[in-house]
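A.B. asks: Please read through the structure below; I'll follow up with questions.
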Amino acid sequence: DQAIPDIAGFDHTGRAILIIENKFWAGLTASQPAAYLDRLPDVDPGILLFVVPPKRVHSIWPDLASSAARAGLELPQATSSGANFLCTSVGPRRLAVTSWQSLLDQLEAAARLAGEAGTVSDIGQLRGLCHYMDSADYIPSTPEDLTNIEVPRRLLALADLVQLACVRAVGAGIADQNWLRPTHYWYGAGRYLRIG
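Sequential numbering from 15 applies to the sequence shown in the working numbering.
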């Protein structure tokens, strides 16, 4: 099927029963998730797990559903087990999504319990990589972000509130803005005000 999963686990007969796909902000390939689910057994249990940043656990699900639909596979509604886990059944197969942090927490707990200090150190390095990828990469907007009119309305209301607070402070005589101008910078807008 030309698909190359990141990690595959096999049973004693050589069948793939576990496929793990590691994602940060890259999109899905044409093979995900349908071709990967097809690799899992038809009768016995198997799981396809996507490991993603916490902010992407819920936002990747519509992408998985639409990609599966393009391949002729309808995904049942996912059930949520906390903020960091989604899962559904496709016949005997499971499709799940979890966060890097949740997975690393579980791996670190098991490594500490087993006294594997080297593994704990490796997990710490993975946490650093995840933090870097989470903070350095562009986070794509979701359709909800682009169509939610409340976000720009709230931002405009906050900008108006700053101006109203300045006007009232000057009117009450507790501040002045002589020789001070509004200022705009990369992450915001406001104005300088001399108080007292």
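The beta carbon of each residue, even a glycine, is placed where N, CA and C say it ideally should be. From a predicted model like this one, the values you see are computed outputs, not experimental measurements.
(1) Distance, Cα to Cα, P19 vs S149?
(2) Could you give the DSSP three-state label for L63: helix, strand or coil?
(3) Cβ of G224 within 8 angstroms of Cβ of I31?
(4) Starting from I74, trace the alpha helix (DSSP H) in both directions and tell me its first and last residue.
(5) Taking the CB atoms as reference points, tell me whether S73 and P90 lie closer together than 8 angstroms.
(6) What are the uninterrupted segments assigned as beta strand (DSSP E) that are 3 or more residues long and contained completely in the region 132-199, given in chain order?
(7) Quick one: is R70 buried, meaning 16 or more other Cβ sit within 10 Å of its Cβ, or exposed?
(8) If you draw a straight line from the C-alpha of R168 to the C-alpha of G138, how long is it?
(9) Let me check understanding here. Comparing Cα to Cα, which of Q177, R182, G187 lies closest to T197?
(10) DSSP three-state call for L118: helix, strand or coil?
C.D. replies: In short, the structure shows the following:
(1) If you take the alpha carbons of P19 and S149, they lie about 25 angstroms apart.
(2) In the structure shown, L63 sits in a strand (DSSP, three-state: E or B).
(3) The shown model of the chain, from 15 to 210, leaves out residue 224, and the question about it has no answer.
(4) Note, I74: alpha helix (DSSP H), 74-84.
(5) P90 is positioned such that its CB atom lies no closer than 8 angstroms to that of S73.
(6) If we require 3 residues or more, the beta strand (DSSP E) runs fully inside the region 132-199 come out as 196-199.
(7) Its Cβ being crowded by 16 or more others within 10 Å, R70 is buried.
(8) About 39 angstroms.
(9) With distances taken between Cα atoms, T197 lies closest to Q177.
(10) It is helical.
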